[in-house]
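Protein chains in written order, with this note's numbering: chain L, 217 to 698; chain S, 8 to 446; chain P, 31 to 157.
Beta carbons: idealized from backbone N, C-alpha and C, even for Gly.
A quick write-up on the structure given underneath.
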Amino acid sequence: MKLLFERSRPGRRECLLPPCDVPAAAFSSSALRASAPRLPEISEIDLGRHYTELASQTHGVNKGFYPLGSCTMKYNPRINEEMAALPGFTDIHPLQPVETAQGCLEVLYEAERLLCEITGMDGMTFQPAAGAHGEYTGLLLIRRYHQSRNDAARTKIIVPDSAHGTNPASASMAGFTVVSVPSNADGGVDIEALRKAVGPDAAGLMLTNPNTLGLFDPNILEITRIVHEAGGLCYYDGANLNAVMGQARPGDMGFDCVHLNLHKTFSTPHGGGGPGSGPAGCKAFLEPFLPSPRVRKENGRYSLYDPERSLGRVRSFYGNFLVVVRALTYILTLGREGIPEASAMAVLNANYLMKKLAGHYDMAYDALCMHEFVMTLEKLKNETGVSAMDVAKSLLDYGIHPPTMYFPLIVHEALMVEPTETESPETLDAAADAFLAILEKAKTDAAYLHGAPHRCPIGRPDEVRAARVPVLRWNFDSENDK
Amino acid sequence: MGNYIPATAEERQAMLATLGLRSVDELFASVPAEVRVRSLNLPDGLSEMEVSRKIGDLAAKNIRFRSVFRGAGAYRHYIPAVVKTVTSREEFVTAYTPYQAEISQGVLQSIFEYQTQICELTGMDVSNASVYDGAVAAAEAALMCLERRRHGVLVAGSADPQTIAVIQTYCESRSVPVTVLPTKNGAVDPADLTAALSDETACVYVQSPNYYGVLEDMDALTAAAHEAGARMVMSANPISLGLLKTPGEYGADIAVGEGQPLGLPLSFGGPYLGFMACKKELMRRLPGRIVGQTEDHEGRRCFVLTLQAREQHIRREKASSNICSNEALCAMTASVYLAAMGPQGLRRAAENSAAHAHYLAAELAKIPGFALRHQGREFFHEFLTDCPMDPERLCAALAERGILGGLPVEGGLLWCCTELCGKKDMDELITAIREVCAQ
Amino acid sequence: MSHTPADLRYAASHEWIKNEDGLSVIGLTDFAQSSLGDIVFIDLPQVGDPVTVGESFADVESVKAVSGVFSPVSGTVAAVNDALLDNPALLNEKPYEAWLIKVSDVSEVGDLLDDAAYDAVCKSEEA
């Protein structure tokens with residue numbers, strides 16, 4: 217495919233803006249750039265065709281099955297998009313007087329109220345723009361809490377070894393040192409190791425539940441009690457909330473603060489990497505520390521205020537507002553019955569697909585799973601040379617986005633599969649057939665799988681070359697580039 | 008009511024039977040009974056028609072202004088029609104991060120194009136694929152500059168106050184001291200910077216055009232920072248870069264900014280777009296996703312996420328940033344905008360915005376009590392004036408006429424003009440102000 | 031099975047060391063490079079920097095991993111192998127020729143293993 221810059225022709229332009237109707241502003245010559253940026257000069261028809269071609273080489277969940285573990289790639293309803301595109305939202309300045317933005321504030325207030333009910337929290341901020349940003353915000357709440365009690369010794373955050381990489385990275389950014397605790401044989405938190413890890417220096421525990429193995433920790437109440445008894449707080453990573461929303465609430469499990477991924481659990485699209493939204497919620501005792509500003513309602517009017525002991529700001533304005541509009545639309549659509557029905561169906565779909573594959577592929581844990589399950593292809597690799605990567609790349613030829621590969625780190629040759637509730641049985645059956653066909657091929661023609669994919673626009677890219685000799689922008693001087 | 012679940016009741020029973028189960032409740036056996044939800048205090052679900060009305064009613068409660076003379080970090084520019092149609096394509100909207108390059112070339116190539124455009128705009132060597140917003144870009148840039156022996160951050164007091172607040176949050180949690188530099192007549196005095204610099208200063212953060220719209224003395228400030236061995240992080244309005252000198256030309260080490268003016272609507276503050284670009288030497292410190300060019304085994308040009316060893320999923324607690332999701336679709340929006348506008352269109356957006364602002368400043372100065380605050384300073388498309396009455400009350404009166412006036416700041420008003428604020432709109436504003444002041 | 035020359039000494043953290051002209055020469059073992067895979071970048075200290083036993087003095091990156099390189103001795107960096115900065119692939123191709131740094135003024139030496147003992151370490155990590 218040609219790049220925009222390769223389609224550019226000098227002098228080609230569109231008539232988008234009128235000539236200026238007042239005299240030009242005079243700038244001193246030292247304030248002006250020496251030459252114009254080399255932006256593409258391109259006609260509208262070529263621009264449209266360019267992106268149509270790019271779109272044809274992009275796989276989204278509305279194009280095909282996307283069982284990417286821990287990413288909850290459920291259907292992104294069109295009504296959400298239509299609501300987020302209403303000019304009554306898109307044309308509102310974030311600093312216009314609150315009396316003129318009552319609808320926006322009501323969106324934030326209502327979404328906070330409903331998500332607090334779903335999580336068992338008392339307050340929530342939408343300022344974090346993504347999950348990792350929400351983790352950071354939640355950890356800052358924990359930090360502020362201990363500071364407010366002059367408990368300076370609490371510098372450690374405990375993270376299980378099955379956690380997402382963002383957990384330890386967020387803890388570091390929030391100024392904590394990270395203590396990793398191992399998982400037990402059942403994939404849950406090793407209770408004895410946790411007891412040893414919590415002490416007067418423990419600020420808290422970060423936990424994903426169900427965890428990255430797709431398992432709900434049956435000891436959850438004991439886990440949060442151990443941390444609380446040692447004086448620490450419990451943080452809930454909401455990446456996997458889709459398994460339990462409406463079934464069990466982090467607040468009732470003993471968690472003090474949470475973050476959610478609206479772009480996973482609450483059906484807002486991921487946009488090829490963002491924008492997301494990672495609201496951070498907390499119990500009442502942490503609310504005074506939430507970021508500024510918050511929304512309140514008095515006598516039917518909405519306004520903004522700064523919490524008394526606010527941790528400050530983690531982003532400008534109020535977060536990714538239009539993503540919140542989409543999530544609110546979704547929650548109002550599903551409602552009281554739809555929310556638990558979605559999680560139940562997410563779990564049923566995962567177990568159904570796992571059952572169809574078990575006996576052919578090895579599962580990392582032999583138990584009912586929640587919304588996702590992890591396979592280990594170690595034996596397959598030893599016997600046939602076909603790796604998790606080969607199987608993943610082979611799925612591309614079936615029009616299926618591969619599962620998450622090589623994660624969690626504690627499972628060798630891992631593939632993590634999350635079908636979500638919005639897939640039909642026939643889609644799951646077709647995916648199972650693809651997995652089994654690949655397995656048969658592994659036994660007869662491993663070389664074919666090493667070379668997969670065979671029917672995609674490109675084959676496997678040379679990642680080593682990309683990293684050794686980084687080419688990170690178009691080079692205008694090398695016209696002979698392919 | 009709606010739930011987007013395709014499986015019918017019969018199909019669900021059949022699936023359960025495959026598992027040897029009778030009800031979905033059995034799937035939640037590992038969840039302790041004490042924490043199972045008995046009843047959820049949520050409203051009943053709605054049909055699409057009902058929810059559409061309900062959300063539509065909320066949108067209708069907001070007031071859309073015919074004329075917007077307020078910026079302060081969020082700018083209403085003209086958005087070409089092609090930008091909206093391209094970026095609402097389902098393939099782009101509903102993709103995840105492009106981990107699987109073979110079926111993600113569209114997203115990957117668009118990010119590569121975006122990175123190139125940001126480098127061109129800023130005069131830098133390397134751009135990342137975006138961060139959350141301009142304020143976070145500034146904070147991440149400050150953290151990028153930390154060295155074992157250089158641990159302090161200096162921030163221009165003339166920068167956007169929200170950005171300063173975010174830098175303070177990010178630095179406080181890393182125990183990095185932040186000093187806010189004083190301003191004189193709406194800009195930082197290079198002598199004040201020199202006095203504040205030490206051999207422990209990691210970087211200096213300056214926004215130009217700054218919060219007041221004023222162009223800072225970037226040559227002198229950059230020279231002072233480099234003299235002391237500190238890095239310069241410069242924030243710029245991307246529209247201004249169609250016309251004004253780039254961070255690269257000033258010698259800045261890192262360029263950041265809020266990309267919202269590049270084709271993104273106001274949207275009550277988000278989603279927005281943080282852009283970040285730097286000199287080649289800092290490439291491996293740049294946080295976030297980066298797309299690189301490579302080849303597949305048949306020698307076809309293609310694009311992949313690269314330099315991933317910087318990132319949290321590999322480095323975990325040793326990563327310098329935790330960023331994972333970014334604002335990819337907003338970056339694509341900016342890229343389509345820049346391609347649609349081209350160098351001439353972007354320059355015209357910048358020139359018209361600046362021309363309108365200068366016309367408005369001159370017209371306002373003719374009304375008693377609306378003198379320009381920062382006399383003798385060059386400004387781009389924002390400026391601060393005095394206000395002879397309560398600024399909030401003036402803005403309320405303007406709002407009744409469908410006009411969003413300047414933002415009340417430091418007892419005055421911070422005005423902004425873009426290409427959308429034409430002469431007719433400005434003359435109408437001036438008339439309205441004269442009327443209100445006469446009352 | 032990775033290669034372990036008998037004339038070198040090893041740290042359990044996968045560095046080799048030898049003495050040459052009064053300097054301690056330090057590199058990365060064959061086992062280390064093969065576990066990392068294709069090395070794409072290395073970040074080396076500067077001449078004059080201090081190194082300490084057991085502390086990381088460099089980071090090596092492959093496409094999917096990053097690892098610290100730990101010093102088997104304490105002393106001062108006397109030379110760095112600049113060729114690696116441009117061509118980190120040398121670490122994969124010739125691990126025992128592609129030295130990283132040379133250290134002078136050695137004040138302390140950590141626990142070193144001979145080839146047989148180091149092979150045993152590698153074997154236990156593979157299991």
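Would residue 136 of chain S pass as an interface residue toward chain P - the criterion being a Cβ-Cβ separation below 7 angstroms?
It does not; no Cβ of chain P falls within 7 angstroms.
Name the DSSP beta bridge partners of residue 416 of chain S, please?
In the DSSP output, where bridge partners are listed per residue, residue 416 of chain S has S:419.
Please report whether the beta-carbon of residue 524 of chain L lies at a distance below 7 angstroms from any beta-carbon of chain S.
No, because no Cβ of chain S sits closer than 7 angstroms to the Cβ of residue 524 of chain L.
Please work out which residues of its chain come closer than 8 angstroms, Cβ to Cβ, to residue 41 of chain S, disregarding the five sequence neighbours upstream and downstream, and give them in chain order.
There are no such residues.
Under a Cβ-count criterion, where at least 16 other Cβ atoms within 10 Å of its own Cβ denotes burial, should residue 510 of chain L be classed as buried or exposed?
Residue 510 of chain L is buried by the Cβ-count criterion.
Could you spell out the range, first to last residue, of the alpha helix (DSSP H) harbouring residue 537 of chain L?
537-573 is the span of the alpha helix (DSSP H), which, as asked, contains residue 537 of chain L.
Whose CA, out of L:503, L:364 and L:567, lies closest to the CA of residue 354 of chain L?
Nearest of L:503, L:364 and L:567 to residue 354 of chain L, Cα basis: L:503.
DSSP on residue 238 of chain S, reduced to helix/strand/coil?
Here residue 238 of chain S sits in strand by DSSP.
Could you give the distance in angstroms between the alpha-carbon of residue 275 of chain S and the alpha-carbon of residue 508 of chain L?
Rounded to the nearest angstrom, the two C-alpha atoms are 16 angstroms apart.
Assign residue 237 of chain L to buried or exposed, taking buried as 16 or more other Cβ atoms, counted over all protein chains shown, within 10 Å of its Cβ.
Per the 10 Å Cβ criterion, exposed.
Would you say residue 96 of chain P lies against chain S (beta-carbon separation less than 7 angstroms)?
Yes - at least one Cβ of chain S is within 7 angstroms of the one on residue 96 of chain P.
Name the chain L residues that come within less than 8 angstroms of residue 440 of chain S, Cβ to Cβ?
Neighbours of residue 440 of chain S on chain L: none; closest Cβ ~17 angstroms, over 8 angstroms.
So residue 474 of chain L is in the beta strand (DSSP E); what residue range does that whole segment cover?
Residues 473-475.
Restricting to Cα atoms, I'd like to know which of S:104, S:421, S:292 and S:325 is closest to residue 314 of chain S.
The residue with the shortest Cα to Cα distance from residue 314 of chain S is S:292.
So, with DSSP's three-state summary, where would you put residue 80 of chain P?
Strand, per DSSP.
May I have the straight-line CA-CA distance separating residue 634 of chain L from residue 459 of chain L, to the nearest angstrom?
For residue 634 of chain L and residue 459 of chain L, the distance between alpha carbons rounds to 10 angstroms.
May I ask you to list, following chain order, the residues of the segment 92-121 of chain P that have a beta carbon less than 9 angstroms from some beta carbon of chain L?
Answer set for the segment 92-121 of chain P: 92, 93, 94, 117, 118 and 119.
Suppose you measure from the CA of residue 125 of chain P to the CA of residue 654 of chain L; what does that come to, to the nearest Å?
For residue 125 of chain P and residue 654 of chain L, the distance between alpha carbons rounds to 37 angstroms.
Rounding to the nearest angstrom, what Cα-Cα distance links residue 675 of chain L and residue 307 of chain S in this structure?
Straight-line Cα distance between these residues: approximately 9 angstroms.
Name the residues in the segment 307-321 of chain S whose C-beta lies less than 9 angstroms from a C-beta of chain P; which are they?
So the close ones are 313, 314, 315, 316, 317 and 321.
What's the gap between the Cα of residue 304 of chain S and the Cα of residue 678 of chain L?
Approximately 7 angstroms, taken between the alpha carbons.
Tell me whether the segment 187-200 of chain S and the segment 369-384 of chain S touch, counting them as touching only if at least three CB pairs, one residue from each stretch, are closer than 8 angstroms.
With a cut-off of 8 angstroms, the segment 369-384 of chain S and the segment 187-200 of chain S count as touching, because enough Cβ pairs lie within range.
Which residues in the same chain as residue 372 of chain L place their Cβ atom closer than 7 angstroms to its Cβ, once the five residues preceding and following it in sequence are excluded?
Closer than 7 angstroms at Cβ, skipping near neighbours: 392, 393, 395, 417, 418 and 419.
Taking residue 265 of chain S as part of the beta strand (DSSP E), name the residues at either end of that continuous run.
Its beta strand (DSSP E) spans residues 261-265.
For the ligand GTP, I want to know if residue 192 of chain S counts as a neighbour, meaning its beta carbon is within less than 6 angstroms of at least one of the ligand's heavy atoms.
With respect to the ligand GTP, the structure shown offers nothing to examine, as it has no ligands at all.
Between the Cα of residue 588 of chain L and those of L:285, L:250, L:228 and L:225, spot the shortest distance and give me the residue it belongs to.
Out of L:285, L:250, L:228 and L:225, L:285 has the C-alpha closest to the C-alpha of residue 588 of chain L.
Name, in chain order, the residues that DSSP records as bridge partners for residue 300 of chain S.
Note: residue 300 of chain S sits in a beta bridge opposite S:310.
Classify residue 268 of chain L as helix, strand or coil using the three-state DSSP reduction.
The answer is helix: DSSP assigns residue 268 of chain L an H, G or I state.
With contact counted as at least three CB pairs below 8 angstroms, one residue from each stretch, are the segment 429-440 of chain L and the segment 342-356 of chain L in contact?
Short answer: they don't touch.
Along chain L, in chain order, which residues have C-beta atoms closer than 8 angstroms to that of residue 402 of chain S?
Chain L residues near residue 402 of chain S: 313.
Which full runs of the beta strand (DSSP E) of 3+ residues lie inside the segment 602-682 of chain L, going along the chain?
Taking only runs of at least 3 residues, the beta strand (DSSP E) segments lying wholly in the segment 602-682 of chain L are 630-633.
Report the option in P:32, P:49, P:80 and P:69 whose CA atom is closest to the CA atom of residue 19 of chain P.
No answer is possible for residue 19 of chain P: it lies beyond the span of chain P, which begins at 31 and ends at 157.
Could you give the residue range of the alpha helix (DSSP H) that holds residue 389 of chain S?
No alpha helix (DSSP H) contains residue 389 of chain S, which is instead part of the beta strand (DSSP E) from 389-392.
Does the beta-carbon distance from residue 438 of chain S to residue 420 of chain S come in below 7 angstroms?
Contact flag unset, no.
Between residue 408 of chain L and chain P, is there a C-beta pair that is closer than 7 angstroms?
No, its Cβ sits nowhere closer than 7 angstroms to a Cβ of chain P.
Determine the extent of the beta strand (DSSP E) in which residue 71 of chain P is found, giving its start and end residues.
Segment 69-73, the beta strand (DSSP E) holding residue 71 of chain P.
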